[in-house]
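Peer 1:
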Amino acid sequence: MEQTLVLLKPCTLQRGLVGEIINRFEKKGLRLAGMKMMQLTDSILNEHYAHLSEKPFFQMLKDSMMSTPVIACCLEGIDAVRVVRAMTGATNGRNADPGTIRGDYCVSNQQNIVHASDSLETAAVELARFFKPEEIFDYTPSNRNYLYALDEH
Ligand code: UDP
Ligand code: MG
Numbered sequence: 002m003e004q005t006l007v008l009l010k011p012c013t014l015q016r017g018l019v020g021e022i023i024n025r026f027e028k029k030g031l032r033l034a035g036m037k038m039m040q041l042t043d044s045i046l047n048e049h050y051a052h053l054s055e056k057p058f059f060q061m062l063k064d065s066m067m068s069t070p071v072i073a074c075c076l077e078g079i080d081a082v083r084v085v086r087a088m089t090g091a092t093n094g095r096n097a098d099p100g101t102i103r104g105d106y107c108v109s110n111q112q113n114i115v116h117a118s119d120s121l122e123t124a125a126v127e128l129a130r131f132f133k134p135e136e137i138f139d140y141t142p143s144n145r146n147y148l149y150a151l152d153e154h
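In case it helps, the working numbering puts the sequence shown at residues 2 to 154.
1. Between which residues of its own chain and Ser-54 is the CB-CB distance below 8 angstroms, once the five residues before and five after are set aside?
2. Could you pull the start and end residues of the alpha helix (DSSP H) that Lys-63 belongs to?
3. Which value, in whole angstroms, describes the spacing of the CA atoms of Ala-129 and Glu-21?
4. Can you list, in chain order, the residues of its chain whose CB lies under 7 angstroms from that of Gly-30, leaving out five sequence neighbours each side?
5. Is Thr-141 buried or exposed, if buried means 16 or more other CB atoms sit within 10 Å of its CB?
6. For Thr-101, which residues of its own chain have a beta-carbon under 7 angstroms away from its beta-carbon, when the five flanking residues on both sides are left out?
7. Let me know if Met-2 comes out buried or exposed under the rule of 16 or more other beta-carbons within 10 Å of its beta-carbon.
8. Go through the residues and name those whose CB comes closer than 7 angstroms to any heavy atom of the ligand MG, in chain order.
9. Would you mind working out which of Ala-34, Met-36 and Met-61 sits nearest Asp-43, comparing C-alpha positions?
10. Quick one: is Gly-35 buried, meaning 16 or more other Cβ sit within 10 Å of its Cβ, or exposed?
11. For Ser-160, does the count of other Cβ atoms within 10 angstroms reach 16, so buried, or fall short, so exposed?
12. If you measure between the beta carbons of Ile-23 and Cys-75, is that distance less than 7 angstroms?
13. So does Phe-59 have its beta carbon nearer than 6 angstroms to some heavy atom of the ligand UDP?
14. Between the alpha carbons of Tyr-50 and Lys-133, how many angstroms are there, rounded?
15. Within the continuous beta strand (DSSP E) that includes Gln-15, where are the two ends?
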């Protein structure tokens, strides 16, 4: 099983879409292993978006991410990193395919509903950035054998 980080961005809270977005991941069959509301800070965003620090929109992106709390989720499943990225869609909501979260819920390159980890390595680093170990919970979904075949791990 893989675990990946999803952040529900301030636009999602402001637009009242939190339940709908979490519902998509639940319906897909991903296990919610952790979830919490957090006020992000400049220092955590400098780490989280370090790959964008030279971009002209960096400060605007950070300000936007600090404008309300966000909701951090740890989602688990087989190939969860790739599955969640595919559900998320292209960065710019105007380019994201219909059927993806960004394709269905936004029209922006920045106000794009969710952050999702882009690789297994990134997911491990990002989960450690946003969650303490005791905030990630291990439990067996009662429908496990109906989500996956017995030989799928
Ligand atoms: N972003 C932006 N302007 C851009 C490109 C990206 O404001 O031209 C923001 C957008 O919110 C995006 C985030 O920066 O989700 C992180 O960018 P990244 O390239 O990592 O895209 P993602 O992995 O979120 O699809
Ligand atoms: Mg990214």
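Built from N, CA and C at the ideal position, the CB exists for glycine as well.
Peer 2: Straight from the coordinates:
1. Asn-47
2. From DSSP, the alpha helix (DSSP H) with Lys-63 extends over 59-66.
3. 26 angstroms
4. Within the same chain, Gly-30 has close Cβ partners Gly-78 and Leu-148.
5. exposed
6. Counting only Cβ-Cβ distances below 7 angstroms, and skipping sequence neighbours, we find Met-88, Thr-89 and Gly-90.
7. exposed
8. His-116 and Asp-119
9. Met-61
10. Gly-35 is buried by the Cβ-count criterion.
11. Absent from the structure is residue 160, since the part of the chain shown begins at 2 and ends at 154.
12. no
13. no
14. 20 angstroms
15. Run containing Gln-15: none in the beta strand (DSSP E); it sits in the alpha helix (DSSP H), 11-15.
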